[in-house]
Amino acid sequence: NALTEWDGYGRGVIICCNGGKSDGSSKDESTPDFYSRFFGPKAGIDEDPVTGSAHCTLAPYFGTIMGRNSVQGKQQSIRGGVVDCEIKDNRVGIIGTA
Numbered sequence: 002n003a004l005t006e007w008d009g010y011g012r013g014v015i016i017c018c019n020g021g022k023s024d025g026s027s028k029d030e031s032t033p034d035f036y037s038r039f040f041g042p043k044a045g046i047d048e049d050p051v052t053g054s055a056h057c058t059l060a061p062y063f064g065t066i067m068g069r070n071s072v073q074g075k076q077q078s079i080r081g082g083v084v085d086c087e088i089k090d091n092r093v094g095i096i097g098t099a
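Here the sequence shown stands for residues 2 to 99, numbered as in this note's numbering.
See below:
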């Protein structure tokens, strides 16, 4: 209920964290660059399983931190999904599985 009562957002709230590849490398290539979840109870979405628009916001952020134009995110909902993101010319291309 806290999110439905809070006035600090419009469409929804993205929660995210680094996937452990802060130096741009990983011991395990299956580890995503970042993890996320999306909640939008005011829009009637308790939790969106995989949110493309959230990844379009998160990709430039994590890409800048990692110094890369290509990053991978994993949405940790019950269904979940992996989204590969390519940042080019102020646009983000996404492709993934849910």
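We treat Cβ as the ideally placed atom computed from N, Cα and C, and that holds for glycine.
Discussion item. Here's the rule: buried if 16 or more other CB atoms are within 10 angstroms of the residue's CB, otherwise exposed. What is residue 89?
Written reply: By 1-based counting over the sequence shown, the position of residue 89 is 88. That one is exposed.
Item to complete: On a CA-only basis, which of 60, 8 and 44 is nearest residue 91? Give me that one, please.
Response: Position 90 of the sequence shown, counted from the first residue, corresponds to residue 91. Measuring from the Cα of residue 91, the nearest candidate turns out to be 60.
Worksheet item: Quick one: what's got a C-beta closer than 6 Å to residue 18's C-beta in the same chain, skipping five residues either side?
Response: Along the sequence shown, one-based indexing puts residue 18 at 17. If we look at residue 18 and ignore the five residues flanking it on each side, its Cβ neighbours are 36.
Discussion item. What residue range does the beta strand (DSSP E) around residue 36 cover?
Written reply: The residue you call residue 36 lines up with position 35 of the sequence shown. That run of the beta strand (DSSP E) goes 35-41.
Worksheet entry | Where the beta strand (DSSP E) containing residue 96 begins and where it ends | Stepping through the sequence shown from its first residue, residue 96 is reached at position 95. It spans 92-98 - the beta strand (DSSP E) in which residue 96 sits, taken as one unbroken run.
Worksheet item: What's the gap between the Cα of residue 13 and the Cα of residue 4?
Response: Counting from one through the sequence shown, the residue named residue 13 turns up at place 12. Counting from one through the sequence shown, the residue named residue 4 turns up at place 3. Spanning the two alpha carbons is a distance of roughly 9 Å.
Discussion item. Less than 7 Å between the beta carbons of residue 95 and residue 68, yes or no?
Written reply: Along the sequence shown, read from residue 1 onward, the residue named residue 95 stands at position 94. Along the sequence shown, read from residue 1 onward, the residue named residue 68 stands at position 67. For the pair residue 95 and residue 68, the CB atoms are not nearer than the 7 Å cut-off.
Worksheet entry | Local conformation of residue 88 per DSSP, three classes | Stepping through the sequence shown from its first residue, residue 88 is reached at position 87. Note: residue 88 maps to strand in three-state DSSP.
Discussion item. Let's see if you can read the secondary structure: which residues bound the beta strand (DSSP E) around residue 71?
Written reply: Within the sequence shown, numbered from 1, the residue matching residue 71 stands at position 70. Boundaries of the beta strand (DSSP E) around residue 71: 71-76.
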